[in-house]
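Visitor: Protein chains in written order, with my numbering: chain A, 225 to 557; chain B, 225 to 557. What follows is a single structure, and I will ask about it in a moment.
There are 2 protein chains.
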Amino acid sequence: MIRIGLDAMGSDNAPFGDVEGAVLAAREFDYEIILVGNESLIRKELEKYKPIPSNISIHHASEVIGMHEQPVLSVRRKKDSSIVILGNLAKEKKVDAIVSAGNTGAVVCAATLKCRLLQGIERAGIGIVMPTLKDPMVMIDGGANIDAKPYHLLQYGIMASAYSEHILGIKSPRAGLLNVGEEESKGTGFLKEAYTLLESSGLNFIGNVEGRDFFIGDCDVIVCDGLVGNVALKVSESVVYAFGEMLKKELKSSFLASIGAMLSKNAFRSMKKKMDYTEYGGAPLLGVDGVCIIGHGSSTPKAIKNAIRVAGEEVIKNVNQHIVEAIAVRREE
Amino acid sequence: MIRIGLDAMGSDNAPFGDVEGAVLAAREFDYEIILVGNESLIRKELEKYKPIPSNISIHHASEVIGMHEQPVLSVRRKKDSSIVILGNLAKEKKVDAIVSAGNTGAVVCAATLKCRLLQGIERAGIGIVMPTLKDPMVMIDGGANIDAKPYHLLQYGIMASAYSEHILGIKSPRAGLLNVGEEESKGTGFLKEAYTLLESSGLNFIGNVEGRDFFIGDCDVIVCDGLVGNVALKVSESVVYAFGEMLKKELKSSFLASIGAMLSKNAFRSMKKKMDYTEYGGAPLLGVDGVCIIGHGSSTPKAIKNAIRVAGEEVIKNVNQHIVEAIAVRREE
């Protein structure tokens with residue numbers, strides 16, 4: 225049975241949401257789920273969900289790394305934190321995958337430090353699966369590496385294409401380089417170098433793409449450095465939030481509009497679901513020699529459940545093996 | 225009377241939309257509007273709007289710079305293009321402001337080359353006025369300068385703060401530096417340097433902000449380099465577009481939902497208006513010794529009209545004088 229380690233102290237609502245998500249996942253999937261965190265807190269939480277699924281167990285961790293702690297320092301100092309222990313469990317192959325909705329930088333640091341990188345990979349990158357008007361798309365890097373080199377972007381393209389193909393089921397995914405314009409001559413020296421590398425990579429490289437290509441669905445993989453990717457991700461979330469708030473306010477502003485809103489409630493729900501990142505589970509940290517899924521700090525129990533689902537899929541479909549093979553082919557050429 | 229030069233060959237629908245926008249503006253505002261472009265085409269277009277307002281005139285330009293032409297080369301070669309002629313008119317003080325919805329790079333290049341930069345300014349930046357849940361916000365740079373130095377970001381903060389105060393009427397605007405996290409230690413060396421400069425600038429600097437702060441309205445000026453700013457702007461547009469498309473589809477999917485949509489139509493319109501960039505007119509190119517407003521390629525006549533309105537306001541409120549004074553104060557310190 226696939227064993228998944230979950231940070232019970234991860235999300236903003238830890239351990240409530242994380243434990244509930246674990247229970248939902250344990251009931252739905254045939255995985256063994258190991259909750260890592262303060263044992264008595266977790267046990268108390270689990271009591272709420274009787275009968276407690278037999279495929280849930282607890283691994284005690286006495287410390288917690290907070291959302292605003294400095295990643296490298298906190299991983300070094302808090303050796304008994306849930307995040308560091310997850311890294312150890314993965315390293316010792318006591319779990320097949322780890323999931324955390326905690327401090328993203330600390331998770332990246334612990335996973336990279338403990339599991340090391342896949343053969344041939346120079347930097348790990350966070351793949352963000354985003355909804356579009358057509359199929360879901362992977363943007364990489366969502367913020368693991370803000371001082372990227374052009375060669376890292378090439379490897380990101382290879383890793384995210386493997387993920388798109390084997391997890392999202394997209395044949396020959398179209399990969400684009402995020403830039404300020406479509407023409408090959410656009411962008412900084414850094415981007416021009418990355419363009420040249422991607423062009424001769426053997427990937428289905430469609431050239432430069434722009435921010436406006438994000439949610440359209442004509443591109444399956446968007447490659448960028450972690451700074452740009454992080455801004456793009458958070459700006460998208462901000463627009464969706466603001467749009468929702470404005471809509472709510474407007475629809476309450478008159479009697480007719482509020483009746484209209486009632487009637488169209490199901491349509492809104494269905495659309496919100498499509499735009500909802502929690503549906504896609506967490507973000508895979510690609511490039512580490514192990515499976516690591518990073519959840520949003522504001523993860524709901526459903527998001528935690530889906531992150532566990534995605535972690536299991538990554539193990540079953542052996543995405544890392546596909547990445548290693550794709551990288552090896554590129555190196556032989 | 226304030227004289228505004230408008231690129232009649234600028235937008236994707238030129239000269240139709242541009243000329244109609246000029247007519248709308250000429251009827252509403254007490255400005256003299258000079259349409260620059262192919263005289264016979266413009267004249268033919270103007271015939272549709274009889275009586276033609278007397279405050280509209282034509283300045284012939286035999287060439288057009290296309291949307292996908294290389295900016296520097298095209299400005300150098302096409303000396304009789306509408307964009308280059310607009311630059312000349314501004315330089316010779318034959319107009320007080322210029323407006324174009326054409327090739328952004330070419331407009332930046334022509335304006336900078338012909339008008340030169342304001343005293344003490346090292347680089348021009350495009351200020352993008354964005355709606356938020358509270359007051360509108362200015363993000364700078366939207367893409368004029370993708371190889372920015374930390375010092376340019378300091379000057380962007382000063383220029384956009386002056387714009388926010390004098391055009392948007394925001395007292396002591398809160399300026400933030402766009403980064404991957406709020407802590408001072410976050411980001412690349414480039415961003416850390418920019419942070420230090422902004423911190424001791426005398427601006428109302430609130431520290432690092434993230435992509436998620438964009439549409440919330442707790443920040444009045446967001447400073448970033450042109451690459452990140454361009455991506456942020458276009459990603460935002462993409463989300464709004466995709467959200468709208470999904471909503472349309474969902475609301476048509478059932479009978480009840482479509483009745484609901486009919487009833488809430490006005491609320492939707494009002495919200496769309498709030499999210500609509502065309503309401504804010506174009507984007508000011510800040511830092512040039514002249515007033516230059518850049519419109520979106522897909523500008524509607526209303527957007528053109530609003531860009532002309534904003535150009536006039538920038539002249540009346542003498543934003544450039546405020547910028548020069550703010551820069552001088554900083555230099556004396």
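The beta-carbon is built from N, C-alpha and C at its ideal position, and this holds for glycine as well.
1) Give the DSSP bridge partners of D231 of chain A, in chain order.
2) Could you tell me which of A:L357, A:V452, A:N490 and A:S494 sits nearest to Y465 of chain B, measuring between CA atoms?
3) Between the alpha carbons of P355 of chain B and N544 of chain A, how many angstroms are there, rounded?
4) Under a three-way DSSP split, which group does P397 of chain B fall into?
5) Where does K303 of chain B land, buried or exposed, given buried means 16+ other C-beta within 10 angstroms?
6) What residues in the segment 364-383 of chain B have a beta carbon less than 8 Å from any beta carbon of chain A?
7) For P295 of chain A and S286 of chain A, I'd like the C-alpha separation in whole angstroms.
8) Could you work out which residue in A:D231, A:D242 and A:E269 is closest to G261 of chain A when comparing CA atoms only?
9) Closer than 9 Å by beta-carbon distance: list the chain A residues that pair up with H292 of chain B, in chain order.
10) With DSSP as the reference, label H292 of chain B as helix, strand or coil.
11) Taking all protein chains shown into account, decide if L402 of chain B is buried (16 or more other Cβ within 10 angstroms of its Cβ) or exposed.
12) Return the Cβ separation of D513 of chain B and R340 of chain B in integer angstroms, given the expectation that the two are a contact with Cβ distance under 8 Å.
13) Look at the Cβ atom of L422 of chain A, then the Cβ atom of G453 of chain A, and state whether they are nearer than 7 Å.
14) How is N327 of chain B classed by DSSP in three states: helix, strand or coil?
15) May I have a chain-ordered list of the beta strand (DSSP E) segments no shorter than 3 residues that lie completely inside the segment 436-485 of chain B?
16) Which two residues bound the contiguous beta strand (DSSP E) that contains P508 of chain A?
17) Please confirm whether S488 of chain B has its beta-carbon closer than 7 Å to some beta-carbon of chain A.
18) What are the start and end residues of the alpha helix (DSSP H) that includes N530 of chain A?
19) With a cut-off of 8 Å on the beta carbons, I'd call I307 of chain B and G326 of chain B a contact; round off their distance for me.
20) Give me whichever residues DSSP pairs with N428 of chain A in a beta bridge.
21) Would the beta-carbon of G311 of chain A fall within 7 Å of that of A334 of chain A?
22) Using 10 angstroms around the beta-carbon of M225 of chain A, count the other beta-carbons present and answer buried if the total reaches 16, otherwise exposed.
23) Confirm, please, whether the CB-CB distance from I350 of chain B to G366 of chain B is below 7 Å.
24) Less than 8 Å between the CB atoms is what I'm expecting for G521 of chain A and D236 of chain A, so what's the real figure, rounded?
25) As a quick exercise: from B:V288, B:F253 and B:L265, pick the residue whose alpha carbon is nearest that of P277 of chain B.
26) Between which two residues does the alpha helix (DSSP H) harbouring V243 of chain B extend?
27) If you run the structure through DSSP and keep just helix, strand and coil, what is I345 of chain B?
28) Pull up the distance between the alpha-carbon of R436 of chain B and that of V433 of chain A, whole angstroms please.
29) By the DSSP assignment, the beta strand (DSSP E) with H284 of chain A in it spans what residues?
30) For T412 of chain B, go through chain A and note every residue whose CB falls closer than 9 Å to its CB, in chain order.
31) Chain A beta carbons: is any one of them nearer than 7 Å to that of G521 of chain B?
32) Run down chain A in chain order and give the residues with a C-beta less than 8 Å from the C-beta of T356 of chain B.
33) Taking only three categories from DSSP, how would you classify E389 of chain B?
34) For K373 of chain A, which of A:V353, A:S488 and A:Y419 has the nearest alpha-carbon?
35) Should Y375 of chain B go down as buried or exposed, given a rule of 16 or more other Cβ atoms within 10 Å for buried?
36) Roughly how many angstroms lie between the CA atoms of N369 of chain B and S477 of chain B, to the nearest whole one?
Guide: According to the structure data:
1) The residue labelled residue 231 of chain A in the question sits at position 7 within the first sequence. In DSSP, D231 of chain A forms a bridge with A:V260.
2) Working through the second sequence from its first residue, we reach residue 465 of chain B at position 241. When each option's Cα is compared against that of Y465 of chain B, the closest is A:L357.
3) As a position in the second sequence, residue 355 of chain B is number 131, starting the count at 1. As a position in the first sequence, residue 544 of chain A is number 320, starting the count at 1. Looking at the two C-alpha atoms, the distance is approximately 43 Å.
4) As a first step, residue 397 of chain B must be located in the second sequence, where it is residue number 173. Note: P397 of chain B maps to coil in three-state DSSP.
5) Taking the first residue of the second sequence as 1, we reach residue 303 of chain B at position 79. K303 of chain B should be labelled exposed.
6) G367, I370 and D371
7) Counting from 1 along the first sequence, the entry for residue 295 of chain A is found at position 71. Counting from 1 along the first sequence, the entry for residue 286 of chain A is found at position 62. If I take the Cα positions, the gap works out to 18 Å.
8) Along the first sequence, one-based indexing puts residue 261 of chain A at 37. Measuring from the Cα of G261 of chain A, the nearest candidate turns out to be A:D231.
9) As a first step, residue 292 of chain B is located in the second sequence; it is residue number 68 there, counting from the start. The answer, in chain order, is G405, E406 and E407.
10) Taking the first residue of the second sequence as 1, we reach residue 292 of chain B at position 68. Coil, per DSSP.
11) Here residue 402 of chain B corresponds to residue number 178 of the second sequence, with the count starting at 1. Buried.
12) Working through the second sequence from its first residue, we reach residue 513 of chain B at position 289. Working through the second sequence from its first residue, we reach residue 340 of chain B at position 116. Yes, D513 of chain B and R340 of chain B are in contact; Cβ-Cβ is about 5 Å, under 8 Å.
13) As a position in the first sequence, residue 422 of chain A is number 198, starting the count at 1. As a position in the first sequence, residue 453 of chain A is number 229, starting the count at 1. Cβ distance not < 7 Å, so L422 of chain A and G453 of chain A don't count as in contact.
14) Position 103 of the second sequence holds residue 327 of chain B. DSSP places N327 of chain B in coil when its eight states are reduced to three.
15) 445-447
16) Taking the first sequence and counting its residues from 1, one reaches residue 508 of chain A at position 284. First-last of the beta strand (DSSP E) with P508 of chain A: A507 to L510.
17) As a first step, residue 488 of chain B is located in the second sequence; it is residue number 264 there, counting from the start. Yes, S488 of chain B counts as interfacial toward chain A.
18) Within the first sequence, residue 530 of chain A is the residue found at index 306, counting from 1. Taken as a continuous stretch (DSSP letters only), the alpha helix (DSSP H) holding N530 of chain A covers P525 to I540.
19) Taking the first residue of the second sequence as 1, we reach residue 307 of chain B at position 83. Taking the first residue of the second sequence as 1, we reach residue 326 of chain B at position 102. At roughly 6 Å, the Cβ-Cβ gap stays under 8 Å, so I307 of chain B and G326 of chain B are in contact.
20) In the first sequence, the residue the question calls residue 428 of chain A occupies position 204. Beta-bridge pairing links N428 of chain A to A:R398.
21) As a position in the first sequence, residue 311 of chain A is number 87, starting the count at 1. As a position in the first sequence, residue 334 of chain A is number 110, starting the count at 1. Yes, they are a contact pair.
22) Your numbering for residue 225 of chain A matches position 1 in the first sequence. Exposed is the call here.
23) Within the second sequence, numbered from 1, the residue matching residue 366 of chain B stands at position 142. Within the second sequence, numbered from 1, the residue matching residue 350 of chain B stands at position 126. Taking 7 Å as the Cβ cut-off, G366 of chain B and I350 of chain B qualify as a contacting pair.
24) Here the question's residue 521 of chain A lines up with position 297 in the first sequence. Here the question's residue 236 of chain A lines up with position 12 in the first sequence. Going by Cβ atoms, the distance from G521 of chain A to D236 of chain A rounds to 5 Å, so yes, they are a contact pair.
25) The residue you call residue 277 of chain B lines up with position 53 of the second sequence. It is B:F253 whose Cα lies nearest to the Cα of P277 of chain B.
26) Translated into the one-based positions of the second sequence, residue 243 of chain B becomes position 19. Run containing V243 of chain B: F240 to E252, per the alpha helix (DSSP H) assignment.
27) In the second sequence, residue 345 of chain B corresponds to position 121, counting from 1. Coil at I345 of chain B, not helix or strand.
28) Locating residue 436 of chain B in the second sequence gives position 212, where the first residue counts as 1. Locating residue 433 of chain A in the first sequence gives position 209, where the first residue counts as 1. R436 of chain B and V433 of chain A: Cα-Cα distance of roughly 22 Å.
29) Position 60 of the first sequence, counted from the first residue, corresponds to residue 284 of chain A. Where H284 of chain A is concerned, the enclosing beta strand (DSSP E) stretches over I280 to H284.
30) By 1-based counting over the second sequence, the position of residue 412 of chain B is 188. Per Cβ cutoff of 9 Å: I370, D371 and L451.
31) For the purposes of this step, residue 521 of chain B is identified with residue 297 of the second sequence, where counting begins at 1. No, G521 of chain B lies away from the interface with chain A (no Cβ there is under 7 Å from its Cβ).
32) Here residue 356 of chain B corresponds to residue number 132 of the second sequence, with the count starting at 1. The contacting residues are A466.
33) If you number the second sequence from 1, residue 389 of chain B lands on position 165. If DSSP states are grouped into helix, strand and coil, E389 of chain B belongs with the helices.
34) For the purposes of this step, residue 373 of chain A is taken as the residue at position 149 of the first sequence. The residue with the shortest Cα to Cα distance from K373 of chain A is A:Y419.
35) One-based indexing of the second sequence puts residue 375 of chain B at position 151. The residue is exposed, with fewer than 16 neighbouring Cβ atoms inside 10 Å.
36) Walking along the second sequence from the start, residue 369 of chain B turns up at place 145. Walking along the second sequence from the start, residue 477 of chain B turns up at place 253. Cα-Cα distance, rounded: 45 Å.
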